[in-house]
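Residue numbers (my numbering): 1 to 320.
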């Protein structure tokens with residue numbers, strides 16, 4: 001069964017079908033560009049797609065399956081879900097969905113719920129411990145199935161939110177990487193949705209009618225800091241369209257000489273003979289702003305990605 005036929009769209013109106021087609025092409029393009037820029041997927045890879053039952057991981061799996069059909073390289077996909085034995089978890093949903101999809105999958109079962117409830121006081125956020133336990137189990141599963149890459153469903157907005165969280169609460173200029181080695185040093189973790197907007201993923205999930213599993217089955221309080229950051233960014237974006245795109249572009253356009261981290265740049269070695277570095281010190285001037293970024297709310301992210309794809313294109317991007 002092809003990825004196209006896995007989710008019937010006969011119930012959609014003609015206009016919704018057109019909307020879905022355009023949206024899917026856009027998401028495929030963004031994922032293909034991220035894969036190309038960061039060399040996320042190589043010939044012969046076995047990609048373990050971590051499937052939580054949320055909109056993002058469903059979209060990730062769907063788009064990767066579409067790319068697999070047209071890619072000039074061969075790679076395999078294995079969908080992996082971790083059943084953490086949360087009360088009320090609908091165990092039948094994912095197996096039924098994945099079997100209908102025709103994709104190889106594995107459901108790992110570990111009672112991390114009991115561990116978390118035993119260690120975390122009632123009413124406190126359990127997400128941190130739960131995440132660490134889940135990550136360790138998924139790394140174990142990746143080794144068991146021989147996965148060469150672990151694909152996570154974090155998108156552009158997640159990455160910007162993490163940047164702000166680390167700045168406000170962690171004192172670090174740090175976000176989610178598009179590709180990096182796992183914290184146990186054994187796996188390559190990739191985020192193919194890095195260029196995708198959350199709003200488009202929400203729309204895609206609705207049109208595709210993914211069988212969403214709620215993430216609050218454990219009864220834990222949400223991460224209030226992340227929720228506050230999300231709300232702040234959404235408010236900014238309403239009042240100043242294009243701000244999130246600009247912030248994401250900044251993550252991809254770092255100038256170490258104009259920050260203050262001496263581990264990244266040799267400030268001590270600078271002297272009068274060093275010459276002008278990255279435009280020099282223009283602290284007394286207003287920082288120039290590219291006019292195109294302010295005119296007609298031009299999407300900074302789209303422009304940046306387009307430029308990248310011209311200089312670093314792979315056939316995997318060109319999906320017909």
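Using N, Cα and C, we set each Cβ at its ideal position, and we do this for glycine too.
Residue state for residue 108 is assigned as strand, using DSSP reduced to three classes.
DSSP links residue 83 through a beta bridge to 109. Counting along the chain, the unbroken alpha helix (DSSP H) around residue 164 starts and ends at 156-165. In this chain, residue 62 is not harboured by any beta strand (DSSP E); it is covered by the alpha helix (DSSP H) spanning 55-70. A contact is defined here as three or more CB-CB pairs under 8 Å, and the segment 140-157 meets this definition with respect to the segment 186-201. Taken atom to atom, the span from the alpha-carbon of residue 239 to that of residue 232 is near 11 Å. In this structure the segment 245-260 does not lie against the segment 83-102, because fewer than three pairs of beta carbons, one per stretch, are closer than 8 Å.
Of the residues 278, 273, 237 and 191, the one whose Cα lies closest to the Cα of residue 57 is 191.
Per DSSP, the unbroken beta strand (DSSP E) holding residue 189 starts and ends at 188-190. In the three-state reduction of the DSSP assignment, residue 238 falls in the helix class, which pools H, G and I. Between residue 81 and residue 52, the alpha-carbon positions lie close to 6 Å from each other.
Under DSSP, the beta-bridge partners assigned to residue 149 are 47 and 188. Here residue 147 is buried. Its C-beta has 16 or more other C-beta atoms within 10 Å. DSSP, read as helix, strand or coil, puts residue 77 in strand. Here residue 163 has 173, 174, 175, 247 and 251 as same chain residues with Cβ atoms under 8 Å from its own Cβ, once five neighbours each way along the sequence are excluded. Contact between the segment 10-21 and the segment 109-120 is not established, with fewer than three Cβ pairs separated by less than 8 Å.
Put simply, the segment 70-79 does not touch the segment 207-214. Fewer than three CB pairs are less than 8 Å apart.
In the displayed model, residue 174 falls within coil according to three-state DSSP, outside both helix and strand.
Residue 143 counts as exposed, since fewer than 16 other beta carbons sit within 10 angstroms of its beta carbon. For residue 179, the three-state secondary structure derived from DSSP is strand. Taking 8 Å as the cut-off, the beta carbon of residue 93 is found no closer than this to the beta carbon of residue 110. In this chain, the alpha helix (DSSP H) harbouring residue 199 covers 198-208.
Residue 235 and residue 207 have their alpha carbons spaced roughly 26 Å apart. Given a length threshold of 4 residues, each whole run of the alpha helix (DSSP H) inside the segment 241-271 is given here in chain order: 243-251. One alpha carbon belongs to residue 46, the other to residue 129, and they sit about 28 Å apart. Taking a 10 Å sphere around the C-beta of residue 63, we find 16 or more other C-beta atoms and assign the residue as buried. Residue range 14-38 is occupied by the alpha helix (DSSP H) that includes residue 38. Distance between residue 237 and residue 273, taken at the CA atoms: about 43 Å.
In the same chain as residue 226, and ignoring 5 residues on each side of it, the C-beta atoms closer than 7 Å to its own belong to 161 and 165, in chain order. Judged by beta-carbon spacing, residue 48 lies beyond the 8 Å limit of residue 179, meaning their Cβ atoms are not closer than that value.
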